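Read the structure below first, then the notes.
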Amino acid sequence: MKRLLRILSLVTGLAILIYWATPSQFTESSIEKIKNRGYLLWGSDAEGGAPYVFPAPEEPSKLIGFEVDLAEAIARELGVKARQSQNAWDSLIPALERGDFDIAMNGLEITPQREKEILFSIPYYIYTEQLVVKKDEAVINDTTQLKGKKVGTLSGAVAQDILENLGGVDIKIYSGQAEPYEDLALGRLDAVLLDLPIAAYYGKPNPKLKYAGPPVGEGFYGIALRKEDGELKKEVDRILLKLLQTGELKQIYEKWDLWNETQEKLFLNLNKSISYTSIEESRKAPVYTFFPMLLKGAGLTIFISFVSMALAITLGLSLTIIRLYGKPPLSSLSTAYIELYRGTPLLIQLYILYYGLPNIGISLSPLVAAFLGLGMNYAAYEAEIYRAGIMSVPKGQMEAALSLGMTQNLALRRVILPQALRVATPGITNDFIALFKDSSLVSVIAMVELTKTYNILAASTLRFFELGLIVAFLYFVMSYPLSLLARRLEEKLKGSKK
Amino acid sequence: MITVRELHKYYGAQHLFKGINLEVQKGEVVVLIGPSGSGKSTFLRCINGLEYFQKGEIIVDGIELHSINRLTPGKKDMEAIRNVRLKAGMVFQQFNLFPHMRVLENIIEAPVRVLGLEKNTAVENALSLLKRINLEMKVHSYPGELSGGEQQRVAIARALAMKPEAMLFDEPTSSLDPEMVGEVLSVIKGLVNEGLTTLIATHEMGFAREVADRVVIFDKGDVIETGPPDEIFANPKTERAKTFLSRILS
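Top to bottom, those sequences are chains A and B. To convert, count from 1 in the first sequence and add 15; that's this note's numbering. To convert, count from 1 in the second sequence and add 420; that's this note's numbering.
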């Protein structure tokens, strides 16, 4: 137990060090900051992100996509490197505002609502919405024939608005880009309406699907910047114009088969040449190519779990002691904490910590939010386990310790807790294994741990099954030693007690 | 040495002690007898501050415990209780050795952590105590590896290691197998012969008669009779004492 605690505290220390070692971000202007740092941090969601940004099928640790190319071109013009910052698409804007990255670029449509909160660069792409149907579809030829049909789209996308305005459409909202097309091919949907780049990557290559009618709607993708970064916006605009004039932007779109006549409104020159990374290719890539990324995710999972557990153990112990031995106002507060944290979903707690606290001026880094979220939640469960452990120690033990002149604190520390922890060990280990798996929830706050890595890879390759098996196996390989360790600890403790 | 004045104790609505008085001289051996539930254990536990009492006072070697209510013990009360415990060591019916510590650790824990004794000194003391109770070969055993009698002897050594002025024995042989009672009683007899102030609650009448300077008979929370053992056992004055003794001694 002691050694475990020592390791945990070491890991905690390291985590704090890493947190503090990240440079603070005041004083300098954004451009200076980027240049001094040597890289441009751009936020996007690689999960189901093709062809915008997604892991390369043949080398999954590398991100590719037309926005990757664009980000690299912009960074190059700034004289720095580009570095992607993984963030859930739904929360790109809040994350940008909290300062998690310099710019957000991920098919963000320029809309009046968004312009209230952030700045947009000049448009870098004109998107349209493309309707996709099954190959053998006979009735639906365009968007006017969708009444009463089941149509899939993404949450928060412009396509959703278009469908709603049509009226009478049975809209099915998805959170990933690959899934609606899968469901369409399986016959669960009648059609899918989404941005053309998405349709081009996920819909068009599928032999069971086809485009229906011409693209509808029209809007602009812009690069999002913080309101106060006007200077950076000017610089980004200048660079976009340059890329547009030199034809480099067009080349990027041609490379990704995203070129169409609509884009002529942005560009003057027009050349045709197509090369396309088909989704079929990624289906063929040998499975070991995914290992480096998966292992990296697993590493982060382990790190988060250990630090959170260290926090849960310390906080849980304090809560129990306050609850059992503290004076009335404190002890009931502790009870309230335990009940509150056990009675609300961890997911909500994470959202409040990471996305909610900035509303009142407290901004946590994703890593710290993950530690606190998991640690504070599991502390409540730990506290109950310790309480059961303490209750299981015979009353005479405390009396004997007190009658020897020990203070209550000393008696707790030397007599009661060592015995209570022995009883609690199996529970603590079970909790640790549970926390280990629950750590997958922190993927909602922009942590690319094992489960998030799986989501990203599976969504871009559609290999949900084999990748799922591998990830499940990885989790098992990591948690099984914990069970073994627990068993050994229990036996050792039993041996010393006899 | 130990003075109890007008001790009142309630268990909820039940009025257990209705003003008990008792004076124990230095070096005196007082044996408390009486039927189960008569209050003799509770009385000892009050002296050791393990039970709260609502009225009266207890003075141990000059340290005063005034009526202590469980809900509002002040800092001063707690400090006094702790000091009383340092003066009067306690041995329990259930031994209450610390199961996660070896015999030696059980004995030196409080001297080192509470009295601040050097570990070497504490170990030396512990070894000589163990020798006295004839258990030096068990120094590295865990309590779970000892017989009941051996555990109780270690518990006595543990209390003695704090060098108390007085010892309180709360039915020290009641949970022992009959063949182990003797070894524990002989250890206690040894202490008594050295002149240690001692209060013992017990059902061992022969032992009481042998070692007691004074016998106190409890019944339903009342002290019904007190006096030298010869007098008490041969010639009890009250009806209640007669009934109790005739049942016990027959």
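Note that beta-carbon positions come from the ideal geometry of N, C-alpha and C, so glycine has one too. Keep in mind that this is a model prediction, so the values were computed, not measured.
Minimum C-alpha distance to residue i - residue among the options
i, options, result
"residue 504 of chain A", "A/465, A/458 and A/436", "A/436"
"residue 535 of chain B", "B/582, B/476, B/443 and B/626", "B/582"
"residue 405 of chain A", "A/121, A/333 and A/175", "A/333"
"residue 452 of chain A", "A/52, A/502, A/324 and A/434", "A/324"
"residue 499 of chain B", "B/510, B/539, B/484 and B/620", "B/484"
"residue 445 of chain A", "A/500, A/239, A/101 and A/117", "A/500"
"residue 569 of chain B", "B/546, B/593, B/488 and B/552", "B/593"
"residue 393 of chain A", "A/359, A/116 and A/424", "A/359"
"residue 245 of chain A", "A/137, A/490, A/260 and A/342", "A/137"
"residue 336 of chain A", "A/432, A/220 and A/470", "A/432"
"residue 226 of chain A", "A/307, A/235 and A/216", "A/216"
"residue 656 of chain B", "B/571, B/642, B/636 and B/641", "B/636"
"residue 396 of chain A", "A/482, A/426, A/425 and A/443", "A/443"
"residue 498 of chain A", "A/58, A/441 and A/195", "A/441"
"residue 434 of chain A", "B/519, B/529, B/669 and B/549", "B/519"
"residue 667 of chain B", "B/625, B/650, B/421 and B/471", "B/625"
"residue 542 of chain B", "B/513, B/640, B/577 and B/610", "B/577"
"residue 62 of chain A", "A/114, A/481, A/190 and A/232", "A/190"
"residue 620 of chain B", "B/547, B/642 and B/587", "B/587"
"residue 552 of chain A", "A/489, A/256 and A/376", "Since the displayed chain A opens at 16 and closes at 513, residue 552 of chain A lies outside it and no answer follows."
Under 7 Å by beta carbon: chain B residues contacting residue i
i, result
"residue 433 of chain A", "520"
"residue 411 of chain A", "512, 514 and 516"
Rounded straight-line distance, which links the Cα of residue j to that of residue i
i, j, result
"residue 382 of chain A", "residue 266 of chain A", "38 Å"
"residue 427 of chain B", "residue 554 of chain B", "39 Å"
"residue 69 of chain A", "residue 458 of chain A", "16 Å"
"residue 533 of chain B", "residue 421 of chain A", "8 Å"
"residue 141 of chain A", "residue 75 of chain A", "28 Å"
"residue 447 of chain A", "residue 372 of chain A", "27 Å"
"residue 479 of chain B", "residue 622 of chain B", "23 Å"
"residue 78 of chain A", "residue 193 of chain A", "17 Å"
"residue 513 of chain A", "residue 478 of chain A", "Any reading at residue 513 of chain A must be qualified, since the residue scores a pLDDT of 42, below 50, and its modelled position is unreliable; the value itself is stated next. If you take the alpha carbons of residue 513 of chain A and residue 478 of chain A, they lie about 52 Å apart."
"residue 174 of chain A", "residue 439 of chain A", "54 Å"
"residue 401 of chain A", "residue 597 of chain B", "35 Å"
"residue 425 of chain B", "residue 486 of chain B", "10 Å"
"residue 481 of chain B", "residue 423 of chain A", "23 Å"
"residue 524 of chain A", "residue 278 of chain A", "Residue coverage of chain A in this structure runs from 16 to 513, which leaves residue 524 of chain A outside it and unanswerable."
"residue 273 of chain A", "residue 218 of chain A", "13 Å"
"residue 346 of chain A", "residue 355 of chain A", "14 Å"
"residue 80 of chain A", "residue 182 of chain A", "34 Å"
"residue 457 of chain B", "residue 492 of chain A", "58 Å"
"residue 286 of chain A", "residue 67 of chain A", "Below a pLDDT of 50, predicted positions are generally treated as unreliable, and residue 286 of chain A, at 31, falls in that range; the measurement from the model is reported next regardless. Approximately 21 Å between the Cα atoms of the pair."
"residue 488 of chain B", "residue 464 of chain B", "15 Å"
"residue 487 of chain A", "residue 309 of chain A", "11 Å"
"residue 331 of chain A", "residue 398 of chain A", "4 Å"
"residue 437 of chain B", "residue 454 of chain B", "14 Å"
"residue 132 of chain A", "residue 388 of chain A", "27 Å"
"residue 574 of chain B", "residue 556 of chain B", "10 Å"
"residue 472 of chain B", "residue 385 of chain A", "47 Å"
"residue 608 of chain B", "residue 444 of chain B", "18 Å"
"residue 368 of chain A", "residue 350 of chain A", "21 Å"
Contact set between residue i and chain B, taken where Cβ atoms lie within less than 9 Å
i, result
"residue 414 of chain A", "465, 468, 470, 510, 512 and 516"
Any non-hydrogen atom of the ligand FAD within 7 Å of residue i CB
i, result
"residue 664 of chain B", "In the structure shown, the ligand FAD is absent, as is every other ligand, since no ligand is present at all."
Interface residues of chain A facing residue i [CB-CB closer than 9 Å]
i, result
"residue 506 of chain B", "419 and 420"
"residue 502 of chain B", "417, 420, 421 and 422"
Quick check: the stretch 440 to 454 of chain B against the stretch 627 to 639 of chain B, are at least 3 beta-carbon pairs closer than 8 Å?
In this structure the stretch 627 to 639 of chain B touches the stretch 440 to 454 of chain B; the number of beta carbon pairs closer than 8 Å is three or more.
Selection of the stretch 426 to 453 of chain A by Cβ proximity to chain B, strictly under 8 Å:
Within the stretch 426 to 453 of chain A, the residues whose Cβ lies closer than 8 Å to some Cβ of chain B are 429, 430, 433, 434 and 437, listed in chain order.
Taking beta-carbon pairs under 7 Å, can you tell me which members of the stretch 528 to 549 of chain B lie near chain A?
Contacts with chain A (Cβ-Cβ distance below 7 Å) from the stretch 528 to 549 of chain B involve 529, 530, 533 and 534, listed in chain order.
Are at least three pairs of beta-carbons, each pair with one atom in the stretch 159 to 169 of chain A and one in the stretch 197 to 206 of chain A, less than 8 Å apart?
Under the three-pair Cβ rule at 8 Å, the stretch 159 to 169 of chain A counts as touching the stretch 197 to 206 of chain A.
Positions along the stretch 579 to 591 of chain B whose CB lies within less than 8 Å of some CB in chain A
Those residues of the stretch 579 to 591 of chain B that come within reach of chain A (Cβ to Cβ, closer than 8 Å) are 579 and 582.
Check whether the stretch 609 to 618 of chain B and the stretch 423 to 440 of chain B are in contact - that is, three or more C-beta pairs closer than 8 Å.
The answer is no - the stretch 423 to 440 of chain B does not touch the stretch 609 to 618 of chain B, with fewer than three Cβ pairs under 8 Å.
Cβ contact check for the stretch 182 to 199 of chain A and the stretch 141 to 154 of chain A: 3 or more pairs under 8 Å
They touch, by the three-pair rule.
Check whether the stretch 464 to 471 of chain A touches the stretch 311 to 320 of chain A, counting contact only when three or more Cβ pairs, one atom from each stretch, lie closer than 8 Å.
Two segments are said to touch when three or more pairs of C-beta atoms, one from each, lie closer than 8 Å; by this definition the stretch 464 to 471 of chain A touches the stretch 311 to 320 of chain A.
How about the stretch 123 to 134 of chain A and the stretch 225 to 239 of chain A: do they share at least three Cβ pairs that are nearer than 8 Å?
The stretch 123 to 134 of chain A, when compared against the stretch 225 to 239 of chain A, does touch it at the 8 Å Cβ threshold.
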